[in-house]
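According to the numbering used here, the stretch in the sequence shown is residues 547 to 992, in order.
Below you'll find the structure, written out as structure tokens, and then a few comments.
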Amino acid sequence: MNQTTHNIGFVSLGCPKATVDSEHILTQLRAEGYNIVPSYEGADLVVVNTCGFIDAAVKESLDAIGEALNENGKVIVTGCLGAKGDIVEQTHPDVLAVTGPHATDEVMQAIHRHLPAQHDPFIDLVPPQGIRLTPKHYAYLKISEGCNHRCTFCIIPSLRGDLVSRPVNEVLTEAERLASAGVKELLVVSQDTSAYGVDVKYKTEFYNGMPVKTRMTELCQALSQFGIWIRLHYVYPYPHVNEIIPLMAEGKILSYLDIPFQHASPKILKAMKRPASSENTLQRIRQWREVCPDITIRSTFIAGFPGETEDDFERLLDFLDEAQLDRVGCFAYSDVDGAKANELEGAVPEEVKQERVTRFMEKQAGISAEKLRQNIGKTHDVIIDDIVADEVGTQLIARTTSDAPDIDGLAYIDVPDKNDYSVGDITQVTITDTDEYDMHGKISNT
Ligand code: SF4
């Protein structure tokens with residue numbers, strides 16, 4: 547047996563439903579390599595699953611908790627009595643944590659806090675943070691699956707169904723594990739990040755004993771406690787996006803919004819079944835910048851959508867001028883098997899689509915270049931993605947908080963010695979030069 551296995555004592559009281567809860571917790575404990583022991587003395591910690599149905603059951607549960615505290619001292623309480631106000635804490639203030647019934651995840655979180663699961667590379671099939679395809683210093687954090695919208699160019703809802711949000715405590719537990727494993731940047735992803743929790747009516751879950759709503763703002767608040775970069779992707783422009791801008795201004799999450807606007811012509815947005823109008827969008831962008839002047843707004847657009855006239859396209863170019871977005875991508879519309887947009891009239895000829903994409907990118911390149919140029923002389927935190935050393939010298943390849951991996955620009959920094967830096971380090975850089983998409987800089991404290 548693994549020498550470092552922790553021993554858990556378990557007391558199960560109550561009805562068959564409580565027994566099922568106990569079985570779930572015990573199964574999870576074994577799956578994570580904890581050992582279940584039959585005595586208080588041999589246990590590193592005791593879980594008491596309680597009943598609170600009638601007075602006699604309450605007394606029996608409180609007595610059982612008292613006994614476990616006397617005999618062992620480290621006690622986590624779960625079950626129906628835990629949901630009855632603060633009777634447990636008042637009677638036994640020394641318990642480590644209290645949850646309600648059906649709370650396997652919360653019980654496991656409490657156990658992890660007091661007795662972290664030991665990773666044994668010879669027994670465990672996966673490392674504690676799971677298997678990841680990204681470099682060690684950043685990770686994607688998926689918060690939901692599916693989508694409730696029906697954008698006509700998209701087949702995701704037919705492939706993956708309507709929105710299903712992951713419980714917020716599960717998301718936070720994963721984030722905590724990733725942060726403990728050395729991840730410095732979390733990229734929050736979904737099909738529609740701002741819709742997080744709509745499907746579960748923003749249900750309140752418990753994480754580390756604290757109530758947290760399954761909702762974007764509350765999730766961002768909770769993620770900020772891990773002290774690592776939190777970057778939001780695929781945020782749909784709902785009004786409540788306004789709530790997270792102050793969190794950005796306070797530095798709790800990165801002041802970066804990846805928000806796919808797709809178009810600016812009301813007629814095309816309607817044909818796409820995107821509800822947002824460009825006037826509202828421009829006003830929102832202005833408000834966001836008032837609250838958080840450093841915000842970086844990234845977006846993607848589609849040129850050549852069926853029915854797009856030269857006039858519609860010109861509106862899109864005007865929008866770019868007004869919105870002054872920081873990072874932008876543009877794709878030529880193309881049919882996707884099964885998408886409603888395929889049936890729309892007014893298909894745009896291929897060469898016109900390509901010509902519009904080129905005009906779009908030329909317009910935006912000028913805006914992006916000027917926005918990047920404004921960084922010259924400014925100091926930014928950067929995260930190091932790679933270190934390249936050859937006979938010419940050593941260069942750090944890094945990203946500022948305004949740049950997401952793979953889709954945005956890079957910062958190149960020449961340094962004298964590669965041994966002073968590691969991939970994943972966050973350091974301060976003064977920008978010395980810029981081009982259309984990338985920046986060059988020097989370490990600001992050398
Ligand atoms: S484009 Fe995005 S918001 Fe629209 S249906 Fe597809 S996944 Fe949902």
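From the three backbone atoms N, C-alpha and C, an ideal C-beta is built for every residue, glycine too.
Distances between the C-beta of R820 and the heavy atoms of the ligand SF4 include at least one below 8 Å.
For Y879, the distance from the CB to the nearest heavy atom of the ligand SF4 is not below 8 Å. In this structure, the CA atom of V744 is about 41 Å from the CA atom of G612.
The Cβ atoms of M654 and T719 lie closer than 9 Å to each other. By the Cβ rule, the segment 839-858 counts as touching the segment 890-900, because three or more pairs are nearer than 8 Å. Straight-line spacing of the CA atoms in V717 and T573 works out to 21 Å. Here the alpha carbons of A768 and F752 stand approximately 11 Å from one another. Ranked by how close their Cα comes to the Cα of A589, the residues M818, E617 and D954 have E617 in first place. When L615, I943, V961 and D927 are compared, the shortest CA-CA separation from W775 is found for D927.
By the CB criterion at 9 Å, G579 and S607 fall outside the cutoff. When the five nearest sequence neighbours on each side are left out, the beta carbons in the same chain lying within less than 6 Å of the beta carbon of S811 are those of D858 and R861, in order along the chain.
Taking all protein chains shown into account, G555 has 16 or more neighbouring C-beta atoms within 10 Å of its C-beta and is therefore buried. DSSP places N715 in the uninterrupted alpha helix (DSSP H) bounded by V714 to S726. Between the ligand SF4 and H695, a heavy atom-to-CB distance of less than 8 Å is present.
Uninterrupted alpha helix (DSSP H) stretches at least 4 residues long and entirely within the segment 753-785 occur at 762-769, given in chain order. Every beta strand (DSSP E) of 3 residues or more that sits fully in the segment 778-866 is shown, in chain order, as 802-804 and 842-849. A contact between stretches requires three or more CB pairs, one per stretch, nearer than 8 Å, and the segment 954-972 meets this requirement with the segment 923-941. By the criterion of at least three beta-carbon pairs nearer than 8 Å, the segment 748-763 is not in contact with the segment 798-807. Fully enclosed beta strand (DSSP E) runs of no fewer than 3 residues occupy 581-583, 591-596 and 621-625 of the segment 556-638, in order along the chain. In this structure, the CA atom of M818 is about 14 Å from the CA atom of T855. If only uninterrupted alpha helix (DSSP H) runs of at least 4 residues are considered, none is enclosed by the segment 940-969. Look at G646 here: in three-state DSSP terms it is coil, with no helix or strand label.
Comparing alpha-carbon positions, the option among K682, P703, H683 and F699 lying closest to E691 turns out to be P703. Counting only the Cα atoms, D932 lies some 24 Å from R919. A residue is called buried when at least 16 other Cβ atoms come within 10 angstroms of its Cβ; R696 does not meet this threshold and is exposed. At the C-beta level, H779 and L661 stay beyond 9 Å of one another. Taking all protein chains shown into account, D867 has fewer than 16 neighbouring C-beta atoms within 10 Å of its C-beta and is therefore exposed. For the options T698, E635 and Y586, the alpha carbon positioned closest to that of G884 is the one of T698. S568 and I922 have their C-alpha atoms some 60 Å from each other. Proximity of the beta carbon of C876 to the ligand SF4 is not indicated: no heavy atom of the ligand is located closer than 8 Å. Taking C-alpha positions only, A643 is separated from K630 by approximately 14 Å.
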